[in-house]
Amino acid sequence: MSETVLNDNAFLVSETNEKGIITFVNDEFCKVAGYSREELIGQAHNLVRHKEMPKAAFEDLWKTVKEGNVWQGYVKNSTKSGGFYWVYATVYPYLNENKQICYMSCRRKFEKSKLPEIEDLYRAMR
Ligand SMILES: Cc1cc2nc3c(=O)[nH]c(=O)nc-3n(C[C@H](O)[C@H](O)[C@H](O)COP(=O)(O)O)c2cc1C
Numbered sequence: 001m002s003e004t005v006l007n008d009n010a011f012l013v014s015e016t017n018e019k020g021i022i023t024f025v026n027d028e029f030c031k032v033a034g035y036s037r038e039e040l041i042g043q044a045h046n047l048v049r050h051k052e053m054p055k056a057a058f059e060d061l062w063k064t065v066k067e068g069n070v071w072q073g074y075v076k077n078s079t080k081s082g083g084f085y086w087v088y089a090t091v092y093p094y095l096n097e098n099k100q101i102c103y104m105s106c107r108r109k110f111e112k113s114k115l116p117e118i119e120d121l122y123r124a125m126r
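In our numbering, the protein residues as written are 1 to 126.
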């Protein structure tokens, strides 16, 4: 499976509603994930989940943002064509203009030297 390595300045953004349904994606997220905007909006965010990601990581993500806090962590996502890419994600809750709770994730490239440690940790968590 082929890896997509993010550009140094890449910033991949998506937003969901309270149930994790995608409501916004920026162009860079679409490009790296390999989906059109139309294919992503309205889908559950686990559409891009990689099978090697431990369940506990996302349980922690959801618990953290539902408590009103910011979650940061390393995420391996799959692409439409069956490849993958790693990101360092910051996920936070906010209220939209209708005062509904929404969540936003901003994803960046991270230092490659950290990867073995993260892969070991996630393998142990699976
Ligand atoms: C704003 C936001 C962004 C998310 N981004 C991702 C993501 O990029 N990849 C991913 O696998 N899950 C992401 N999730 C978590 C998913 O909603 C979901 O919990 C996860 O994919 C695990 O799927 P499951 O809950 O069906 O087991 C995100 C959640 C939120 C709130």
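Beta carbons are placed, not taken as given, at the ideal position from N, Cα and C, and that holds for glycine. Keep in mind it's a predicted model, so treat the numbers as computed, not measured.
Same chain only: Cβ atoms within 8 angstroms of residue i, ignoring 5 sequence neighbours per side
i	result
residue 110	74, 86, 87 and 88
residue 8	109
residue 72	88, 89, 90 and 91
Nearest neighbour of residue i, chosen from the options [CA to CA]
i	options	result
residue 10	33, 116, 101 and 99	33
residue 61	24, 91 and 116	91
residue 69	77, 103 and 47	103
residue 39	114, 80, 120 and 49	80
residue 2	82, 57 and 30	82
residue 18	99, 35 and 125	99
residue 95	66, 118 and 106	66
residue 124	63, 55 and 27	55
residue 107	115, 12, 6 and 4	12
Residue i - DSSP class collapsed to helix/strand/coil
i	result
residue 3	strand
residue 36	coil
residue 24	strand
residue 126	coil
residue 15	strand
residue 41	coil
Close-in-space but distant-in-sequence residues of the same chain around residue i (CB under 7 angstroms, 5 per side omitted)
i	result
residue 44	20 and 21
residue 101	18, 93 and 95
Neighbourhood of residue i by C-beta, 6 angstroms cutoff - its chain only, sequence neighbours within 5 removed
i	result
residue 53	76
Mind listing, in chain order, the continuous beta strand (DSSP E) runs of no fewer than 3 residues lying wholly within the region 50-88? List check, beta strand (DSSP E) in window: 71-78.
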